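Here the structure is laid out as structure tokens; the discussion comes afterwards.
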Amino acid sequence: MIATPKLALMFVIVTSAVVSAPASAGAQSGSSSAAVTPVPINSATFAKFMKASANFSSYMKAHPADADLGDASYDNEAEAAKAICDPRPGVKQAIAATGLTCSEWVTMTTELEKAGSAADMVKAGQKVPSEFGVSPADIAFYNAHTAEIKLALEEIGAANAK
């Protein structure tokens with residue numbers, strides 16, 4: 001098996017699916033599990049996200065047997081959260097200790113990555129499509145915390161690069 005930061009790859013896959021899908025795709029699927037409430041990007045949720053990411057990374061480094069996430073392609077955040085946390089109670093506890101659920105943590109990761117993609121588009125002089133669902137405030141927040149966000153995502157990926 002190729003050593004890949006599977007969780008980071010999973011987030012990219014989920015993000016690209018969410019970003020490229022029409023806004024109404026979840027409603028058309030008829031699946032209530034596909035509908036995940038966005039987590040607001042603000043200082044309070046970001047602090048929880050950073051701690052949850054650090055806890056996840058620490059847990060995975062301490063428990064390498066749990067680091068194999070299997071197939072890293074998920075259709076939505078709810079499916080990804082179930083695949084990551086349900087078979088790993090320690091991961092669920094590590095994330096829950098920060099005040100976020102696993103689903104909220106995965107959703108926040110996706111929201112931050114979408115904000116990062118939108119910020120890159122703005123920097124390149126492009127207009128952010130409304131389908132992205134990213135507010136100017138989220139882009140500004142991402143720009144203010146880019147280094148921290150990238151570090152957290154690298155740590156998450158490094159914890160799974162086995």
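In our numbering, the protein residues as written are 1 to 162.
For every residue, glycine included, the Cβ atom is placed at its ideal position computed from N, Cα and C.
Note that the structure is predicted; figures quoted are calculated from it, not measured.
Helix, strand or coil at residue i according to DSSP, with G and I counted as helix
{"i": "K127", "result": "coil"}
{"i": "D86", "result": "coil"}
{"i": "I156", "result": "helix"}
{"i": "L112", "result": "helix"}
{"i": "V39", "result": "coil"}
{"i": "S73", "result": "coil"}
{"i": "T146", "result": "helix"}
{"i": "D138", "result": "helix"}
{"i": "L100", "result": "coil"}
Beta-carbon contacts of residue i that lie in its chain and below 7 Å, excluding the five residues immediately before and after
{"i": "Y142", "result": "L112, A115, G116, A119, I149"}
{"i": "T45", "result": "V39, M108"}
{"i": "H145", "result": "F46"}
{"i": "S29", "result": "Bear in mind that a pLDDT of 36 at S29, under 50, signals an unreliable position, so the model cannot answer this."}
{"i": "S24", "result": "Below a pLDDT of 50, predicted positions are generally treated as unreliable, and S24, at 34, falls in that range; the measurement from the model is reported next regardless. Correct list: empty, nothing qualifies."}
Nearest to residue i (by Cα), restricted to the options the options
{"i": "F49", "options": "T101, M60, A83, A144", "result": "T101"}
{"i": "A137", "options": "V122, A80, A97", "result": "V122"}
{"i": "A62", "options": "S135, G133, R88", "result": "R88"}
Chain-order list of residues whose beta-carbon lies under 8 Å from that of residue i (same chain, five-residue window excluded)
{"i": "V91", "result": "F56, Y59, M60, D66, I84, C85, C102"}
{"i": "I95", "result": "A52, N55, F56, C85, T101, C102, W105"}
{"i": "G99", "result": "K48"}
{"i": "V128", "result": "A118, M121, V122, V134, I139"}
Residue span of the alpha helix (DSSP H) that contains residue i, given as start and end
{"i": "T45", "result": "43-62"}
{"i": "F132", "result": "Neither: F132 is in no alpha helix (DSSP H) and is coded neither H nor E."}
Spatial neighbours of residue i in its chain, beta-carbon cut-off 6 Å, leaving aside the 5 residues before and after
{"i": "E104", "result": "V39"}
Residue i classed as buried or exposed, judged by whether at least 16 other C-beta atoms fall within 10 angstroms
{"i": "A47", "result": "exposed"}
{"i": "D68", "result": "exposed"}
{"i": "G125", "result": "exposed"}
{"i": "A152", "result": "buried"}
{"i": "A147", "result": "exposed"}
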